[in-house]
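These notes concern the structure reproduced below.
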Amino acid sequence: MKQYSDLEFLRLSRGQKFLYRLLRFLIAIPVGIGRFFAKIWQGIIAGAKALGREIKDIAGTFAHGDWKTRTSFLVMGFGNLARGQILRGLLFLLFEIVFIGYMALTGGYWLSMLPSLGLEGPSETYNEILDTYTTAYHDNSFKILLYGVLTIFFIIAFIYTWRQNVKQNRIAERILASGKKLKSGKEDLRSVVDDQFHKTLLALPLTGILIFTVLPIVFMVLVAFTNYDGAHDGYANNLFTWVGLKNFNTMLSWSSGGGSQSYAATFGEILTWTLIWAFFATFTNYFLGMFVAMAINKKGIRLKKLWRTVLVLTIAIPQFISLLYVSKMFAKDGILNGFLLSMGWIQQALPFWEDPTWARITVIVINIWIGIPYLMLITTGILMNIPADLYESSRIDGANAWQQYTKITLPYMLFVTGPYLLTSFTSNMNNFNVIYLLTGGAPTNPAASSAAGSVGYTDLLITWLFKITTGAESQYYLASVVGILVFVVVALISLVVYNLLPSIKNEEDFR
Amino acid sequence: MSENTAKRHMGLRASRALSNTLIHVLLVVMSVVWLIPFVCILLQSFRVESTWQVGYVIPQKWGFDNYVNLWNTDFPRWYMNTLITALVTAVLQTVIVLCMSYTLSRFRFKMRQPLMRFMLILGMFPGMLSMIILYRVLKDLGLTQANAVPGLILVYVASSGMGYYVSKGFFDTIPMSLDEAARVDGATRSQVLYKIILPLAKPIVIYTILTAFMGPWGDFVFARYISFGASAGKNVAVGLYDWLSKDQINKSYTLFCAGGVLVALPVTLLFLFLQKYYVEGVTGGAVKG
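The listed protein sequences correspond, in order, to chains A and B.
Residue 203 in numbering that gives the first Met the number 0 sits at position 204 of the first sequence, and the numbers go up by one each step.
Residue 102 in numbering that gives the first Met the number 0 sits at position 103 of the second sequence, and the numbers go up by one each step.
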């Protein structure tokens, strides 16, 4: 498609401009995705090249190194110890001893069991004396998978440390050859709060993220390729094992099994609603919040602080209280229906939570109630940053309020809050609290419900995932597949939008 | 000034006055809509004549019965659970978040960009997935059900490093020249942090403490999963949620209201007190993205 220059673009009529922008947007999507994969491919090639360099460097270190260096290849830290860097040497040596000890004692077992996820399940044996069955437990698939992954992490850490150990020898050799002195243990300790301070600061947070975020995610991604569920819990009932891509086939196939709707159809339905919800939840809040902020900011409005405080108050009150309470207010026998009935405005209770369409609209409306104060806070600050002379000069040129809004305020706001809108869209897709506390997914959609758990018309993918795991059959593997698909959808949206945003500038520009 | 323009000015002024009146009316209506649920909760917590959900708001008989009755339930235990969780989390999470954001803002090291990109991608996975495994692991450690509090704290704090964006944005606005000047004067990197940056970072420290403190009061999903089946391990959100379940709502609807008031009160007061810092943090965070 022809790309217009700025001047040509300005000459277009309004309709043409819109069409042009739309086309550019649509073209940008596949281009962006293609570029992403190209980048991944480049990354792989770069990684392979780097690996080759590393191996060459290691071989070179061995070939040219002295006996201290060569011994270090087997006994980590030997070179440091022999050259007088006692502290570093001891740490390397200690790490190697711990690693070998761990692998010999338990790591080897976990690793060897990982391909099968356990060979022997629980077995029952009859005890004649007590006249009961006793169950003997053997392998534990859950632990094998968990510790197997941990062991792989550990091995990676070991390889990295070993590489550092080799590298240090080469560096030490070079420093000594040039006649300089090596760093002493004291200097090393000092660097922990100085040169290497960033590593000290990051150690704790990153360990936490590794164990409590990365490890669970890796584990759950792997679960999608197993048959882990309530009946195969890996220990007390049955072991679970690898099943390959079977779960993905189940989730993405259109053929329905056993009368109920196919998983693909259910997934499609819920995904559609999730996207509709995220769209409305994000943009209704955004525009209405901005409107309220502008209304309060407007010249001549009194008690500005009071209005803001009233709205901010609703942020402070824990969401579960307000959401639960509001959900009961809208119930069939709730305050709102009671009020409307007693006033004689309606003849029977309005089906806020019983009718699918009513329920969907009600959650969006209540979400506006929750979201406006937050957006009002955010936009107030940004609105005040817009230079006042822009409005001044536009007024002199005869612009009315609406023109000022569409030509000055909105473009500025969209530019500045673009990234925020994106994150807000994706976090609305995963907005568990609002949906679960308001409706719990209700009203039930019987056609979409299945053995994996009941599905309601207001269920988002994330609440569906929750229902699958807590459902009667606890089909963790299906939940895991849903989780991965959620990730794919979120990542795709982020990728496409992120590349289109004008405000993604170089981070350093802010300084 | 000609007569015509004077008239136009009058018209403008009149229309402005009209629109301002309209906005005032709108703001009053909005404030009422926003406050109604909370006023209702407050009123119903004083209702004595029935514990049911009824179709009217203003109690026929007033009293503190519901608040007194709260003492005979597990509510005080839940309250303490939540308070302890919130206090400990506030301290530890703040330390972790500040370490993370300060480092990513101030230091330029090789793994910085890959690390940030990696965490961005991690954040796209629904956190709910991790719940199953975290539950099993904590169960093996004996930190579930009645002992859920330490388990909850562990999980909240351990993964909090991911939420560094807002405070990193704040640190980015402190000029690097301050650091450099201190470094030239011979300060170590850690001295720069303690003596130069932290005193300047008071607003963001307060913001981080405030959000970390408020988080556990509202956490529902994970707390419910982890304290499953044991009333002693619940936090207020889980406990109060169960009071509104189908088989309990008729017994404990007004109890819920009273409990809700007691939960909302301290958090709201604290929040209003520190509002300024919260607004600063939120605004900054949104602009930085």
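Using N, Cα and C, we set each Cβ at its ideal position, and we do this for glycine too.
Could you tell me whether any Cβ in chain A is nearer than 8 Å to the Cβ of B/Trp33?
Within the second sequence, residue 33 of chain B is the residue found at index 34, counting from 1. So, interface residue.
Contacts that A/Trp306 makes with chain B (C-beta to C-beta distance below 7 Å)
Within the first sequence, residue 306 of chain A is the residue found at index 307, counting from 1. In chain order, Leu26, Ser30 make up the part of chain B whose C-beta sits under 7 Å from the C-beta of A/Trp306.
Cβ of A/Val242 within 8 Å of any chain B Cβ
For the purposes of this step, residue 242 of chain A is identified with residue 243 of the first sequence, where counting begins at 1. Not an interface residue.
Do the region 218 to 226 of chain A and the region 463 to 479 of chain A meet, that is, are 3 or more Cβ pairs less than 8 Å apart?
The answer is yes - the region 463 to 479 of chain A touches the region 218 to 226 of chain A, with three or more Cβ pairs under 8 Å.
What residues in the region 152 to 163 of chain B bring their beta carbon closer than 9 Å to a beta carbon of chain A?
So the close ones are Leu153, Val154, Val156, Ala157, Ser158, Ser159, Gly160, Met161, Tyr163.
8 Å Cβ cutoff, B/Phe219 in contact with chain A:
One-based indexing of the second sequence puts residue 219 of chain B at position 220. Yes, because at least one Cβ of chain A sits closer than 8 Å to the Cβ of B/Phe219.
Give the range of the alpha helix (DSSP H) segment to which A/Gln95 is assigned.
Within the first sequence, the letter at position 96 stands for residue 95 of chain A. Per the sequence shown, residue 95 of chain A should be read as Glu rather than Gln. For A/Glu95, the enclosing alpha helix (DSSP H) begins and ends at 85 to 101.
Of all the CB atoms in chain A, is at least one closer than 8 Å to the CB of B/Ile132?
Indexing the second sequence from 1 puts residue 132 of chain B at position 133. Judged by the 8 Å Cβ criterion, B/Ile132 is in contact with chain A.
Please confirm if the region 152 to 163 of chain B is in contact with the region 205 to 218 of chain A, defined as three or more CB-CB distances below 8 Å between the two stretches.
With a cut-off of 8 Å, the region 205 to 218 of chain A and the region 152 to 163 of chain B count as touching, because enough Cβ pairs lie within range.
Thinking just about the alpha-carbon of each residue, which of A/Asp193, A/Gly117, A/Gly78, A/Ala315 is nearest to the one in A/Asn237?
Residue 237 of chain A sits at position 238 when you count from the first residue of the first sequence. Each of A/Asp193, A/Gly117, A/Gly78, A/Ala315 was checked against the Cα of A/Asn237, and the nearest Cα belongs to A/Gly117.
Residue range of the alpha helix (DSSP H) that includes A/Ser122:
Here residue 122 of chain A refers to the residue found at position 123 when the first sequence is read from its first residue. DSSP places A/Ser122 outside any alpha helix (DSSP H); the residue lies instead in the beta strand (DSSP E), whose first and last residues are 122 to 126.
Anticipated Cβ contact below 8 Å, B/Leu151 with B/Ala222, distance rounded
Counting from one through the second sequence, the residue named residue 151 of chain B turns up at place 152. Counting from one through the second sequence, the residue named residue 222 of chain B turns up at place 223. At roughly 6 Å, the Cβ-Cβ gap stays under 8 Å, so B/Leu151 and B/Ala222 are in contact.
Excluding the 5 residues flanking A/Glu123 on each side, which residues of the same chain have their C-beta closer than 6 Å to its C-beta?
As a position in the first sequence, residue 123 of chain A is number 124, starting the count at 1. Counting only Cβ-Cβ distances below 6 Å, and skipping sequence neighbours, we find Tyr132, Thr134.
Ends of the alpha helix (DSSP H) at B/Thr207?
In the second sequence, counting from the first residue as 1, residue 207 of chain B sits at position 208. Here the alpha helix (DSSP H) through B/Thr207 covers 201 to 217.
Mind checking the region 255 to 281 of chain B against chain A and listing, in chain order, the residues whose C-beta falls within less than 9 Å of any C-beta there?
Residues of the region 255 to 281 of chain B that bring their beta carbon within less than 9 Å of a beta carbon in chain A comprise Phe255, Cys256, Gly258, Gly259, Val260, Val262, Ala263, Val266, Thr267, Leu268, Leu269, Phe270, Leu271, Gln274, Tyr277, Val278, Glu279, Val281, in sequence order.
Distance check for A/Ala490 and A/Gly42, CA to CA, integer angstroms please.
Residue 42 of chain A sits at position 43 when you count from the first residue of the first sequence. Residue 490 of chain A sits at position 491 when you count from the first residue of the first sequence. The C-alpha of A/Gly42 lies about 18 Å from the C-alpha of A/Ala490.
Measuring straight from C-alpha to C-alpha, what distance separates A/Leu189 and B/Tyr134?
For this step, residue 189 of chain A is matched to residue 190 along the first sequence. For this step, residue 134 of chain B is matched to residue 135 along the second sequence. At residue 189 of chain A the sequence reads Arg, which differs from the Leu that was named. Answer to the nearest angstrom: the Cα atoms are 40 Å apart.
Nearest neighbour of A/Thr443, chosen from A/Gly455, A/Phe424, A/Asn384 [CA to CA]
Within the first sequence, the letter at position 444 stands for residue 443 of chain A. When only C-alpha atoms are compared, the closest one is A/Gly455.
Return the first residue and the last residue of the beta strand (DSSP E) that A/Tyr132 is part of.
Stepping through the first sequence from its first residue, residue 132 of chain A is reached at position 133. In this chain, the beta strand (DSSP E) harbouring A/Tyr132 covers 131 to 135.
May I ask you to list, following chain order, the residues of the region 451 to 469 of chain A that have a beta carbon less than 7 Å from some beta carbon of chain B?
Answer set for the region 451 to 469 of chain A: Ile461, Leu464, Phe465, Thr468.
Given that B/Arg15 touches chain A, what residues does it touch there, using C-beta distances under 9 Å?
Taking the first residue of the second sequence as 1, we reach residue 15 of chain B at position 16. Close partners of B/Arg15 in chain A (Cβ separation under 9 Å): Lys298, Gly299.
Please compile the residues from chain D whose C-beta is within a distance smaller than 8 Å of the C-beta of B/Ile22.
Protein chains in the displayed structure are A and B, and chain D is not among them.
In its own chain, which residues sit with a C-beta less than 7 Å from the C-beta of A/Leu551, not counting the 5 before and 5 after it?
Because residue 551 of chain A is not part of the residues shown, which for chain A are 0 to 510, the question remains open.
So, does the CB of A/Asp56 fall closer than 8 Å to a CB anywhere in chain B?
Sequence index remark: in the first sequence, residue 56 of chain A carries index 57 (1-based). No - not a single Cβ of chain B is within 8 Å of the one on A/Asp56.
If the cut-off is 7 Å on Cβ atoms, which residues from the region 181 to 192 of chain B count as contacting chain A, listed in chain order?
Against chain A - using a Cβ distance shorter than 7 Å - the residues of the region 181 to 192 of chain B are Thr187, Arg188, Ser189.
If you follow the alpha helix (DSSP H) that B/Val90 is part of, which residue opens it and which one closes it?
Position 91 of the second sequence, counting from 1, holds the residue named residue 90 of chain B. Per DSSP, B/Val90 belongs to the alpha helix (DSSP H) from 74 to 105.
How would you list, in chain order, the residues of chain A whose beta-carbon sits under 8 Å from the beta-carbon of B/Met123?
Taking the first residue of the second sequence as 1, we reach residue 123 of chain B at position 124. Thr425, Phe486, Val489, Ala490, Ser493, listed in chain order.
Chain-order list of residues whose beta-carbon lies under 7 Å from that of A/Phe375 (same chain, five-residue window excluded):
Here residue 375 of chain A is taken as the residue at index 376 of the first sequence, counted from 1. The sequence given here places Met at residue 375 of chain A; Phe does not occur at that position. Within the same chain, A/Met375 has close Cβ partners Gly288, Val291, Ala292, Leu310.
In terms of residues, what are the limits of the alpha helix (DSSP H) holding A/Lys48?
For the purposes of this step, residue 48 of chain A is taken as the residue at position 49 of the first sequence. Run containing A/Lys48: 13 to 63, per the alpha helix (DSSP H) assignment.
Check the Cβ of A/Asn226 against every Cβ in chain B and list those closer than 9 Å, keeping chain order.
One-based indexing of the first sequence puts residue 226 of chain A at position 227. Within chain B, no residue has its CB atom less than 9 Å from the CB of A/Asn226, the nearest being about 15 Å off.
To the nearest angstrom, how far is the alpha carbon of A/Ser71 from that of A/Lys48?
The residue labelled residue 71 of chain A in the question sits at position 72 within the first sequence. The residue labelled residue 48 of chain A in the question sits at position 49 within the first sequence. Roughly 25 Å between the two C-alpha positions.
What residues from chain A crowd round B/Tyr55, counting only those whose CB sits closer than 9 Å?
By one-based count along the second sequence, residue 55 of chain B stands at place 56. Proximity of chain A to B/Tyr55 at the Cβ level (cut-off 9 Å) is accounted for by Ile334, Gly337, Phe338, Ser341, in chain order.
Assuming the contact rule is C-beta atoms closer than 8 Å, A/Phe218 and A/Val148 should be a hit. Round their C-beta distance to whole Å, please.
Residue mapping note: residue 218 of chain A aligns to position 219 of the first sequence, counting from 1. Residue mapping note: residue 148 of chain A aligns to position 149 of the first sequence, counting from 1. With 8 Å as the limit, A/Phe218 and A/Val148 qualify as a contact, their Cβ atoms being about 6 Å apart.
Would you report the Cα separation of B/Met175 and A/Gly106, rounded to the nearest angstrom?
Within the second sequence, the letter at position 176 stands for residue 175 of chain B. Within the first sequence, the letter at position 107 stands for residue 106 of chain A. So the two alpha carbons sit approximately 46 Å from each other.
Over the uninterrupted alpha helix (DSSP H) stretch that includes A/Ala294, give me the two end residues.
Taking the first sequence and counting its residues from 1, the one referred to as residue 294 of chain A is at position 295. For A/Ala294, the uninterrupted alpha helix (DSSP H) segment begins and ends at 262 to 296.
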